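Notes follow the structure.
Protein chains: 2
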Amino acid sequence: MSRVLTHPHMRDVTVAAILHALSDPVRLGIVKELLKVRGGMNCTETAHRLKLPMPKSTCSQHYRILRECGLIASERRGVDLICSVRTSELQVRFPGLLASILASYRKERASRVKPRTP
Amino acid sequence: MSRVLTHPHMRDVTVAAILHALSDPVRLGIVKELLKVRGGMNCTETAHRLKLPMPKSTCSQHYRILRECGLIASERRGVDLICSVRTSELQVRFPGLLASILASYRKERASRVKPRTP
DNA sequence: GCCATAGTTCAATAATATTGAACTATAGAA
DNA sequence: TTCTATAGTTCAATATTATTGAACTATGGC
């Protein structure tokens, strides 16, 4: 029998857990990757795209943390678990938070990646 | 001889370190308390106001983390170390990030603290 | 000099995170 | 229905990170 995939209700989602989740580069990468596609993506696909240099157990734990903190939802489709960011729900619970964090990460990256001297 | 109190240059400040720092309730409390006063506050005063239930060594480590991630600056005035949030510098480096995080924490708190039934 | 206050450092311990191995879940083929 | 393959989870061992008491440094006043 299939266990039900549970996700926290948005009223139980905390800022601390979200910040903690997104302070890890791997989890940030996963969230950014999930946001790129419409309709979600399975874990293996995400891991493959990001070339995550870690075993699937670690990867699974990162997904668990993202799920438990309320950032992503996982839905089973056949053999796959399709994950997606709970964007609109998060926007209601904490308006602008995710966008602001992602914007700051983009700004940081832009300041880090300098054009090479020719 | 006095060691120089060093703080990271803003160009070296990372989003990950800031999120990690602010995902801890004690450090969040410190930052919020520091923002309440103009001109900064020393560590003991902050700890006293927050009634931090921890030894000063732990408190000192939290301040170190806040300093090293670029969130606060410490300046010696006599026997005290006066701490303050690097608000304007942070606003230049990551516009809106701190404000957005604090706003979300406020919203979370508002949703948690319900009026009692009479 | 001595004493008091403010904070840091360090090494031991406590708590979290990572991982390999064994497991469950689903689908399709034999 | 059993066998095989793919996708992911769980668990217990290990590695990393956080907390803390004790000893330390720093500054100012007596």
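Just so you know, the protein sequences line up as chains D and W, in that order. Taken in order, the first sequence gives residues 1 to 118; the numbers are from our numbering. Taken in order, the second sequence gives residues 1001 to 1118; the numbers are from our numbering. Just so you know, even glycine gets a beta-carbon here, dropped at the ideal spot from N, CA and C. All figures in this text were calculated on a predicted structure; none of them were measured in a lab.
Asked	Found
Is there a Cβ from chain D that is less than 8 angstroms from the Cβ of residue 1086(W)?	no
Can you name the residues of chain W whose CB is closer than 7 angstroms to the CB of residue 108(D)?	1014 and 1015
Taking only three categories from DSSP, how would you classify residue 5(D)?	coil
What residues from chain D crowd round residue 1025(W), counting only those whose CB sits closer than 8 angstroms?	16
I want to see whether chain D comes within less than 8 angstroms of residue 1105(W), judged by CB atoms only; does it?	yes
Is the shortest distance between the beta-carbon of residue 1067(W) and the beta-carbons of chain D less than 8 angstroms?	no
Curious, which full-length alpha helix (DSSP H) runs of at least 4 residues does the segment 1061-1115 of chain W contain?	1087-1093 and 1097-1112
Once the 5 residues before and after residue 1059(W) are set aside, which same chain residues still bring their CB inside 7 angstroms of it?	1043, 1047 and 1052
Please report whether the beta-carbon of residue 96(D) lies at a distance below 8 angstroms from any beta-carbon of chain W.	yes
Pick helix, strand or coil for residue 1054(W), following the three-state DSSP scheme.	coil
Which residues in the same chain have their Cβ closer than 7 angstroms to the Cβ of residue 1085(W), if we skip the five residues on either side of it in sequence?	1031, 1034, 1035, 1071 and 1072
Keeping to the same chain, check which residues put their C-beta closer than 6 angstroms to that of residue 1066(W); ignore five residues upstream and five downstream.	1021, 1027 and 1072
Ends of the alpha helix (DSSP H) at residue 37(D)?	Premise fails: residue 37(D) is in no alpha helix (DSSP H) and is neither H nor E.
Work out the CA separation of residue 107(D) and residue 1002(W) for me, nearest whole Å.	Residue confidence is low: residue 1002(W) scores 44 on pLDDT, short of 50, so the model does not pin down where it sits. Its coordinate-derived value is still stated next. The straight-line gap from Cα to Cα measures roughly 36 angstroms.
Can you list, in chain order, the residues of its chain whose CB lies under 6 angstroms from that of residue 90(D), leaving out five sequence neighbours each side?	98
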